[in-house]
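Data first, discussion second: the structure below is written as structure tokens.
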Amino acid sequence: MGQKNKSVLLWISFFMDLCINLATLYLVFVMLNTYINAPIGKRAMAISLIITGITSLIYFMFNIYSLKRFEKLHKALLRTVIAHLTAFFMVIMLIVLFVQEKKSFLIFALACYGISLVAICIKRTITTKLIHNLRTKERYQRKIIVVGNGLGALAFKEQIEYNAHFGYNIIGCITDKEKTNLQKLGNYSDLDTVIKNENPYEVVISLDKDEKIEIQEIINICDNHGTRALIVPLTYKYFKSKCQIDMIGDLPIINTRAIPLDNIANAVMKRIMDIVISLVMIIITSPIMLIAMIGVKLSSKGKVIFKQKRVGKNNEIFTMYKFRSMKENDQSDTAWTTDEDPRKTRFGTFMRKTGIDELPQLFNVLFGSMSIIGPRPELPKYVEEYSKKIPLYMVKHQVKPGITGLAQIFGYRGDTSIEKRIEMDIKYIENWSIFYDIKILVITPFKMFNRNEKYVK
Numbered sequence: 017m018g019q020k021n022k023s024v025l026l027w028i029s030f031f032m033d034l035c036i037n038l039a040t041l042y043l044v045f046v047m048l049n050t051y052i053n054a055p056i057g058k059r060a061m062a063i064s065l066i067i068t069g070i071t072s073l074i075y076f077m078f079n080i081y082s083l084k085r086f087e088k089l090h091k092a093l094l095r096t097v098i099a100h101l102t103a104f105f106m107v108i109m110l111i112v113l114f115v116q117e118k119k120s121f122l123i124f125a126l127a128c129y130g131i132s133l134v135a136i137c138i139k140r141t142i143t144t145k146l147i148h149n150l151r152t153k154e155r156y157q158r159k160i161i162v163v164g165n166g167l168g169a170l171a172f173k174e175q176i177e178y179n180a181h182f183g184y185n186i187i188g189c190i191t192d193k194e195k196t197n198l199q200k201l202g203n204y205s206d207l208d209t210v211i212k213n214e215n216p217y218e219v220v221i222s223l224d225k226d227e228k229i230e231i232q233e234i235i236n237i238c239d240n241h242g243t244r245a246l247i248v249p250l251t252y253k254y255f256k257s258k259c260q261i262d263m264i265g266d267l268p269i270i271n272t273r274a275i276p277l278d279n280i281a282n283a284v285m286k287r288i289m290d291i292v293i294s295l296v297m298i299i300i301t302s303p304i305m306l307i308a309m310i311g312v313k314l315s316s317k318g319k320v321i322f323k324q325k326r327v328g329k330n331n332e333i334f335t336m337y338k339f340r341s342m343k344e345n346d347q348s349d350t351a352w353t354t355d356e357d358p359r360k361t362r363f364g365t366f367m368r369k370t371g372i373d374e375l376p377q378l379f380n381v382l383f384g385s386m387s388i389i390g391p392r393p394e395l396p397k398y399v400e401e402y403s404k405k406i407p408l409y410m411v412k413h414q415v416k417p418g419i420t421g422l423a424q425i426f427g428y429r430g431d432t433s434i435e436k437r438i439e440m441d442i443k444y445i446e447n448w449s450i451f452y453d454i455k456i457l458v459i460t461p462f463k464m465f466n467r468n469e470k471y472v473k
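Each position in the sequence shown, counted from 1, maps to that position plus 16 in this note's numbering.
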């Protein structure tokens, strides 16, 4: 898809969003003035039109109309939602500062932005699917030449074939080797001529360690033709997640394990969410916790709150709180439990089945040692053991542990595969978003009673 077509699609998408916002304004204006006792004056309507223009500018600032070929749909929708909410909060500030009929106008703004957000996300989903479909057609595909015959070339070819909606067409490769994984277009000495004749949109460089040509030489040839060059590094297999390039002076450094929560804005959003949810949940569940405290005290002798050392973010040890569900014993820090564990009390069994025993962890979240959503924290003994035999096990400690998480809602807790649990934890860490957390939070209550356990001496 050429630059001209991209520009046309961009402006079409922009005008569609503008029409959606204007139509929503008119619809809500009519509803409030006709059916609801919250009339909006014409002056306020005029201000709304100005606000619509501001909203459109913010859309451009957040680059929501870019057609990134490698971007997944949920990432595009996330950018749209963030831009829309940013516009909404700016509007709220303008209302508070400059509008007299604040109450009616706040209702108006909330209704407009709520309806238009849903409509724009639906539109974005449909148009993205249509664009993906177009990109699978030969007419809208970008021609790609691969320079080199390294393992990365084959991996790149497999990814392009698997993701046809990227819209790439690999026409062949340039290499001195006779045996190739792609159609051979020529040797390295022919690179200049091949680029001139084929006019590819991009050149992907994937050299093997024994290939005798300098990457800089290839880039110079591409630059002379105005062709973009992409590099698949020899060490690509070591990059297990999204990578980030930082600069130390003039030296580029690749961060092989960059995660969304490294971003300070994301970390702040997650922390605010943790504080709000933990406070609300503590208030809501305080009667249940009071009953649990009485039940624990009456069921067996000992302390009501069970404290246990666990490994948290950056491998730091913290104290995790739970309601005591077993008779006091000397194996509490060295063993898991089973459904038939003789150490458990009747009331403790009930709490474990319902998840009530973990309610004190809301205070861990409030105090900052845990999060609502994240990998479950483990005992130091098991962290040391698993880190030696399970690849990437320690990656989970890049974020705060959670009360619930992706692994838990898929049933990977207790007597289940540690490898699958870590796989889920890493998937969560690498793909984190605030909406991912909300999704897990919504699903968690439906998974509360699937709590398999095991006892390890």
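The C-beta atom is built at its ideal place from N, Cα and C for all residues, glycine as well. The structure displayed is predicted, hence computed values, not measured ones.
inquiry  = With three or more beta-carbon pairs closer than 8 Å as the criterion, would you say the stretch 129 to 146 touches the stretch 182 to 192?
reply    = no
key: Inter-residue spacing [alpha-carbon to alpha-carbon] between Ile-442 and Met-263   = 26 Å
key: Straight-line Cα distance separating Cys-35 from Thr-196   = 52 Å
key: Endpoints, the beta strand (DSSP E) within which Ile-270 is located   = 267 to 271
query = Roughly how many angstroms lie between the CA atoms of Tyr-42 and Met-285, to the nearest whole one?
reply = 33 Å
query = Which class does Ala-245 belong to by DSSP, given the choice of helix, strand or coil?
reply = strand
message = Whole angstroms are fine: how far does the CA of Arg-140 sit from the CA of Asn-468?
response = Bear in mind that the predicted position of Asn-468 carries a pLDDT of just 49, short of 50, making it too unreliable to give a figure here.
inquiry  = Under 8 Å, with one C-beta from each stretch per pair, do the stretch 82 to 92 and the stretch 160 to 172 reach the 3-pair mark?
reply    = no
ask   = Do you know offhand how far Met-410's Cα is from Glu-400's?
value = 9 Å
request  = Tell me, please, whether the CB atom of Ser-315 is closer than 8 Å to any CB atom in chain B?
outcome  = Going by chain labels, chain B is absent from the structure shown, which holds only one protein chain.
request  = Output the distance between the C-alpha atoms of Ile-419 and Gly-390, rounded to the nearest integer angstrom.
outcome  = 7 Å
key: Separation of Ile-247 from Val-219, as counted between CA atoms   = 8 Å
key: Where the alpha helix (DSSP H) through Lys-159 begins and ends   = From DSSP, Lys-159 is part of no alpha helix (DSSP H) but of the beta strand (DSSP E) over 158 to 163.
key: Exposure of Ala-39, with buried meaning 16 or more beta-carbon neighbours within 10 Å   = exposed
ask   = Is DSSP giving Thr-432 helix, strand or coil here?
value = coil
request  = Kindly list the residues whose CB is nearer than 7 Å to the CB of Ile-425, restricted to its own chain and excluding five residues on each side of it in sequence; keep chain order.
outcome  = Ile-456, Ile-459, Thr-460, Lys-463
query = From Cys-189 to Met-77, what distance separates their C-alpha atoms?
reply = 38 Å
message = Which of the three DSSP states is assigned to Arg-151 in this structure?
response = helix
key: Coil, strand or helix - Thr-370 by DSSP   = helix
query = What is the rounded straight-line gap between the Cα of Met-440 and the Cα of Leu-113?
reply = 47 Å
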